[in-house]
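The sequence shown lines up with residues 4 to 312 when you count with the working numbering.
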Amino acid sequence: MDHVLVIGASSLDVKGQSQSAPVHATSIPGNIRNSIGGTGRNIAENLARLEVETRLITAVGDDFIGEWVLGHAAAVGIDVSHSVVLPGGRTGCYMALLEEHGVLDYAMYDMDVMHAITPEYLDQHVDLFKQAQMVVIDANLPPDSIQTVMWLCTEYEVPLCADPTSTTLASRLKPYLANFTMISPNVPETAVLCDCSFETSDRDAGQAAARKLVVEGGVELAVVTLSEFGVVYASEETSGRIPALRTQVVDETGAGDAQTAAIIFGLLQEIPLDESVRLGVTAASLTMRTRESVRPDLTVELLYDELAI
Numbered sequence: 004m005d006h007v008l009v010i011g012a013s014s015l016d017v018k019g020q021s022q023s024a025p026v027h028a029t030s031i032p033g034n035i036r037n038s039i040g041g042t043g044r045n046i047a048e049n050l051a052r053l054e055v056e057t058r059l060i061t062a063v064g065d066d067f068i069g070e071w072v073l074g075h076a077a078a079v080g081i082d083v084s085h086s087v088v089l090p091g092g093r094t095g096c097y098m099a100l101l102e103e104h105g106v107l108d109y110a111m112y113d114m115d116v117m118h119a120i121t122p123e124y125l126d127q128h129v130d131l132f133k134q135a136q137m138v139v140i141d142a143n144l145p146p147d148s149i150q151t152v153m154w155l156c157t158e159y160e161v162p163l164c165a166d167p168t169s170t171t172l173a174s175r176l177k178p179y180l181a182n183f184t185m186i187s188p189n190v191p192e193t194a195v196l197c198d199c200s201f202e203t204s205d206r207d208a209g210q211a212a213a214r215k216l217v218v219e220g221g222v223e224l225a226v227v228t229l230s231e232f233g234v235v236y237a238s239e240e241t242s243g244r245i246p247a248l249r250t251q252v253v254d255e256t257g258a259g260d261a262q263t264a265a266i267i268f269g270l271l272q273e274i275p276l277d278e279s280v281r282l283g284v285t286a287a288s289l290t291m292r293t294r295e296s297v298r299p300d301l302t303v304e305l306l307y308d309e310l311a312i
């Protein structure tokens, strides 16, 4: 077992940050930037920057954006040789409208290209599953492909982690909660997964929801992000809360993906759970301080220099 296999979306992230309050049905001044993104791809890049051998199965179109995405991934050390380039397809795109302080207001995504990751395609890459230390998926995968990943991970006894990605996609993971070594939802995604509703500021309710995902859902580790109120987590053996780091938010895009990757790094290194989650909180904070969807200077040393206490 020599690598982490990430299966998920890659995209062009188009992020517009307003300079004033939005006004309906008209344009307002702002800053618009492009960066490479996609939940699965972001997780893969964060892992690679933390010196984890990472292989990425994703799908892009045969366009200049797809070429940019795969070229960048290869340049940072991700093996993308098993990814799909779909003839005539469009590479995924994510459009975000950020408030003045970098907090997400609205977003839209087009990830239709991910339908190229079919069950048949995954079955052709069984060796990647056999040799993996861990598999990580995002919920952009088509439902039948998610089911195939479950079967392959069960067959070859490979730990499986998942990022629910959005409230509209989280329900795709709900039938398979008992298959996950770790799942890392935010509050709205948690509500979808465990049929509960609570405020982001309610840490007790968040803790209860994390426990519910473990006790009733069968997840081994549930890490629930409470935005500026920190993170709560639960496993069969323990539970805890980690406060958010005080930080200036430039752009919160990709922060959750960085958190997921850093926690996975901790699990792979057999770092104690509380410390692993603190690494995740730290990675999220570091990412929010940059305009990129993945912090380009992320290292293990930087994580420990900034470690949440």
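All C-beta atoms, glycine included, are put in the ideal place defined by N, C-alpha and C. All of these numbers come straight from a predicted model, not from anything done at the bench.
So, at 6 angstroms on beta carbons, what are the nonlocal neighbours of Ala-2 in its own chain, with the 5 sequence-adjacent residues on each side left out?
Since the displayed the chain opens at 4 and closes at 312, residue 2 lies outside it and no answer follows.
Can you tell me the Cβ-Cβ gap for Arg-93 and Arg-294, rounded? I've got them flagged as a contact below 8 angstroms.
The distance from the Cβ of Arg-93 to that of Arg-294 is about 24 angstroms, inconsistent with a contact at the 8 angstroms cut-off.
What does the alpha-carbon distance come out to for the pair Tyr-236 and Tyr-97?
In this structure, the CA atom of Tyr-236 is about 28 angstroms from the CA atom of Tyr-97.
Suppose the cutoff is 6 angstroms on Cβ atoms and the five residues either side in sequence are ignored; what does the same chain contact list for Leu-296 look like?
What sits at residue 296 in the sequence shown is Ser, not Leu. In chain order, Asp-16, Ser-38, Gly-40, Asn-45, Thr-256, Gly-257 place their CB closer than 6 angstroms to the CB of Ser-296, counting only its own chain and leaving out the 5 sequence neighbours on each side.
Just curious, the beta strand (DSSP E) that Cys-96 is in, first and last residue?
First-last of the beta strand (DSSP E) with Cys-96: 95-101.
Is Asn-182 near Thr-157, with beta carbons less than 8 angstroms apart?
A distance below 8 angstroms separates the beta carbons of Asn-182 and Thr-157.
Nearest by alpha-carbon distance to Gly-259: which of Pro-275, Gly-283, Leu-270 is it?
Closest option to Gly-259, Cα to Cα, is Gly-283.
Endpoints, alpha helix (DSSP H) assigned at Thr-193
Start and end: 190-197.
Taking C-beta to C-beta, are Thr-241 and Arg-292 nearer than 8 angstroms?
No.
Taking its Cβ as the centre, do 16 or more other Cβ atoms sit within 10 Å of Asn-143, making it buried, or is it exposed?
A buried status is given to Asn-143, since no fewer than 16 other beta-carbon atoms sit within 10 Å of its beta-carbon.
Under 7 angstroms from any heavy atom of the ligand ZN, does the C-beta of Pro-178 make it?
Looking at this structure, you won't find the ligand ZN or any other ligand, since it has none at all.
Do you know how far the Cα of Ser-279 is from the Cα of Phe-268?
Computed Cα separation, rounded: 8 angstroms.
Runs of 4 residues minimum, wholly inside the stretch 251-302: which ones carry the alpha helix (DSSP H) assignment?
Note on the stretch 251-302: whole alpha helix (DSSP H) runs with a minimum of 4 residues are 258-271, 276-291, in chain order.
So what does DSSP say about Asp-205, is it helix, strand or coil?
Residue state, collapsed to three classes: coil.
Does DSSP classify Tyr-124 as helix, strand or coil?
Helix at Tyr-124.
Backbone secondary structure at Gln-134 - three-state DSSP:
Here Gln-134 sits in coil by DSSP.
Delimiting residues of the alpha helix (DSSP H) encompassing His-27:
Run containing His-27: none; DSSP gives neither H nor E here.
Nearest-angstrom Cα separation, counted from Thr-285 out to Leu-270
C-alpha separation (whole angstroms): 15 angstroms.
Kindly indicate which residue of Gln-272, Val-234, Leu-53 has the alpha-carbon position closest to the one of Glu-304.
Comparing Cα positions, the closest option is Leu-53.
Could you give the uninterrupted runs of the beta strand (DSSP E) lying entirely in the stretch 65-95, keeping only those of 3 residues or more?
Taking only runs of at least 3 residues, the beta strand (DSSP E) segments lying wholly in the stretch 65-95 are 87-89.
Could you tell me the alpha carbon to alpha carbon distance between Met-137 and Cys-164, rounded to whole angstroms?
Looking at the two C-alpha atoms, the distance is approximately 8 angstroms.
Using the C-alpha atoms, what's the distance from Glu-223 back to Asp-205?
The straight-line gap from Cα to Cα measures roughly 23 angstroms.
Contacting residues, own chain, Cβ-Cβ under 7 angstroms from Ala-135 (five flanking each side not counted):
So the list reads Met-4, His-6, Val-7, Leu-8, Val-161, once near-sequence residues are dropped.
For Gln-150, report the span of its beta strand (DSSP E) as first-last.
In the DSSP assignment, Gln-150 falls outside any beta strand (DSSP E) and within the unbroken alpha helix (DSSP H) covering 146-158.
DSSP three-state label for Val-106, please.
DSSP, reduced to helix, strand and coil, places Val-106 outside both helices and strands of the structure shown, so it counts as coil.
For Gln-20, which three-state DSSP category applies?
Strand at Gln-20.
Where Asp-5 sits in the DSSP three-state scheme
It is coil, neither helix nor strand.
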